[in-house]
Amino acid sequence: MSSLAQDYDLVINNGRVIDPESMLDAVLNVGVKDGRIAKITPHDLKGVKTIDATGLVVAPGFIDLHFHALDGLSLKLAALDGVTTGMDLEAGAINVADWYAAKDKSGWPLNYGTGVSQEMTRTRIHDPEVDTSGWHDATSVFELRAQAVKTDGVPGWSVTRSDLDQLNQILTHIDEELRQGALSLASTIGYMSEGVTTFEMFKTQEVAANYGRALGAHVRFHGNPSNPEGTLGTSELLANAMVLDAPFSINHDNEYGWWENEEKLQKARAQGYNVWSEYYPYSAASTAISSDFFSPEKFKILAGGRPYEETIYDPIQDKFLTQQEWETTSKADPGRTIFAFNPKRDEWLPYWLRMPHMIVASDAMWSGKGIDSWDLPPEDYVGHPRTAGTRGKTLRMARENGVPLMFTIAQMAYWPAYHLGLTGIKAMQERGRLQEGMVADITIFDPEKVTDNATYKAGEQGLPTSGIPYVIVSGVPVVRDNEFQLDVRPGKSIRFPVEERGRFEPITVEEWSRQFTIKSFSVGDGGVEPKNTADDEGN
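So for the sequence shown, numbering that gives the first Met the number 0 puts the first residue at 0; every next one is plus one.
Here it is as structure tokens:
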């Protein structure tokens, strides 16, 4: 039969269709037309192309809101892990209009979006010697940090407190990025605790709240293994979000005190607030071996008493390091990526797998191999296995722990779309669902066999997830028969419309006083009259 006689561009036959929003779970056929889901039915459908999904789950495409996989190799690994939309709402970007324009021009396999970076905006003001022209995102943040200390040894973005004029400059820049369509306020305040006062953070959240945009934050004291510091960072931002009635997400809520944070979020949602959190299913974090976190005085606090040889793993040497080995290696190779383990995460993971509105977000890292590294083999990836295996591991662990598949898909697809959709992003209101009329972002996987393969060992950190044979973006397969398709770029820009004018008004003492204090007055003959301060001073 000729293609002209076909009803659909793509037909997916005999798959187990799961849609968390409608609670649909049935073996059905799906017809895709012009990038959208046109038909879901038990009846036969005809299409130009057909996928036999017998024995497979047909789910809404997985959406990652904490996504730094912004070059070819890393993004390919994310696609093979089932991701259809990857947005960086933690590190974010600056000059977001240029950032979007670059992606729009080159084309992108997955849907893309970004928030405005609080950190890099502070760099603009507190490290003026750093070149922040053009767009910058997570892939250049380490370079910007290095430039910030090159001249005077002071990372102003991190440690310098803003005076009123500097604060207004920072907020004006953030407002302009939001006007240009940035999805959110992206905050790494955990790296800026010394420099960002609570007032600056509150006013920064307020700028985003003026647009109804979300805050995604790597909170202060993240990783602190004791009370009260472990949860104070979340409490600060959640309190601001509630008084501003603004959306808020805790990035990687996978450390000490997560249970307190989750209880607060659930109770806030019950009162109508749009707040949520995220996790990834790994017991280790990754960073440079020379990071200040590992200095003996700080390590003693952050490791909660665990010794170096139970915490710091060097994939190149394939072993855990003693304090002496850490000191020697960090001096010899300060940029080496190592993994810092927290075994408590293995105990906590079964709870996270069953936590409502705790979404799966990988914190996927770029490969450093360049934008055009699409055709490099997975073995060339050097970094955390979460980039390649987050969804595969989540699905495997959920299966082993008896978590309903409907719930796990909600964590990976529906709830990310739901919460961002509440902020007004139309593109998210029509994704994360497997329903007629929705965008045809679809992930097809084998529920019994899907598993992660990436490990912490060198050469294995980028091994792709198996059991996800098809990943479809706007009706176009970017993964077909388990192979990433190098010749397609169906990804769409996820962005708010550009507005004509900004919404921020600079802070002045006079205006603040007018809003939040009462006027002076005196009691005159016949009634209450405003007090004339100038006349009083002249008498």
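Backbone N, C-alpha and C fix where the C-beta goes; we use that ideal spot for every residue, glycine too.
**Study point:** Whole runs of the alpha helix (DSSP H) within the segment 67 to 124, excluding any shorter than 4 residues
**Key:** 71 to 79, 95 to 105
**Study point:** Member of Ile517, Tyr413, Arg430, Glu510 whose CA lies at the smallest distance from the CA of Pro19
**Key:** When each option's Cα is compared against that of Pro19, the closest is Tyr413.
Review point. Short check: CB of Arg430 to CB of Thr84, under 8 Å?
Key: yes
**Study point:** Cβ of Ser225 within 8 Å of any chain C Cβ
**Key:** Of the protein chains in the structure, only one exists, and it is not chain C.
Practice item. Closer than 6 Å by C-beta to Leu421: which residues in its own chain qualify, once you throw out the five before and the five after it? Chain order, please. Key: The answer, listed in chain order, is Asn273.
Point to revise | Continuous beta strand (DSSP E) stretch holding Thr442: start and end | key: Unbroken beta strand (DSSP E) run through Thr442: 441 to 444.
Check your understanding: Per DSSP, what kind of secondary structure is Glu308 in: helix, strand or coil?
Key -> helix
Practice item. Grab the span of the alpha helix (DSSP H) containing Asn167 for me, first residue to last. Key: 163 to 178
Point to revise | Every unbroken beta strand (DSSP E) inside the segment 413 to 465 [3 residues or more] | key: 441 to 444
Exercise for review: Mark Asn226 as exposed unless 16 or more other C-beta atoms lie within 10 angstroms of its C-beta, in which case mark it buried.
Suggested key: By the neighbour-count criterion, in which 16 or more other beta carbons inside 10 Å mark a residue as buried, Asn226 falls on the exposed side.
Exercise for review: Determine the direct distance from the alpha carbon of Val158 to that of Asp151, and round the result to whole angstroms.
Suggested key: Those two C-alpha atoms are separated by around 13 Å.
Check your understanding: If you drop the 5 nearest sequence neighbours on each side, which residues of the same chain put their C-beta closer than 7 Å to that of Thr120?
Key -> Result list for Thr120: Ile93, Ile169, His172, Ile173, in chain order.
Exercise for review: Tell whether a beta-carbon distance below 8 Å holds between Glu308 and Phe292.
Suggested key: no
Check your understanding: Quick one: what's got a C-beta closer than 6 Å to Arg335's C-beta in the same chain, skipping five residues either side?
Key -> Ile288
Review point. In or out: Lys45 buried (at least 16 other Cβ within 10 Å) or exposed?
Key: Its Cβ having fewer than 16 others within 10 Å, Lys45 is exposed.
Point to revise | Beta bridge counterpart(s) of Glu210 as assigned by DSSP | key: One point to set straight first is that residue 210 is Tyr, not Glu, in the sequence displayed. Paired residues: none, contrary to the question.
Exercise for review: Determine the direct distance from the alpha carbon of Asp103 to that of Trp325, and round the result to whole angstroms.
Suggested key: When rounded, the separation of the alpha-carbon atoms in Trp325 and Asp103 is 43 Å.
Review point. Among Ile517, Ser519, Pro489, which residue has its Cα nearest to the Cα of Gly106?
Key: Pro489
Check your understanding: Within 10 angstroms of its Cβ, does Trp511 collect 16 or more other Cβ (buried), or is it exposed?
Key -> exposed
Review point. Do Ser361 and Tyr279 have their C-beta atoms closer together than 8 Å?
Key: yes
Point to revise | Residues bridged to Met22 (per DSSP) | key: DSSP lists no partner for Met22.
Review point. DSSP beta-bridge partners for Leu9?
Key: Val31, Lys48
Practice item. Give the C-beta separation of Val95 and Ala181 to the nearest angstrom, bearing in mind that I take them to be a contact with Cβ-Cβ under 8 Å. Key: That belief holds up - the Cβ atoms of Val95 and Ala181 are roughly 5 Å apart, short of 8 Å.
Practice item. Would you tell me roughly how many angstroms separate the C-alpha atoms of Ala284 and Ile337, rounded to the nearest one? Key: 8 Å
Exercise for review: Can you check the segment 300 to 371 for any beta strand (DSSP E) of at least 3 residues that lies completely inside it and give the ranges in chain order?
Suggested key: Segments of the beta strand (DSSP E) lying fully in the segment 300 to 371: 311 to 313, 336 to 340, 357 to 359.
Review point. Between the C-alpha atoms of Glu142 and Leu404, what's the straight-line distance to the nearest angstrom?
Key: 41 Å
Point to revise | Three-way DSSP call (helix, strand, coil) for Asp535 in this model | key: For Asp535, the predicted structure reports a pLDDT of 47, less than 50, and the residue's modelled location is therefore unreliable. A value from the coordinates is still provided. DSSP places Asp535 in helix when its eight states are reduced to three.
Review point. When you compare only the Cα positions, how much space is there between Ala453 and Met364?
Key: 14 Å
Practice item. Starting from Arg500, trace the alpha helix (DSSP H) both ways and give me its first and last residue. Key: Unbroken run through Arg500: none, as it is neither H nor E.
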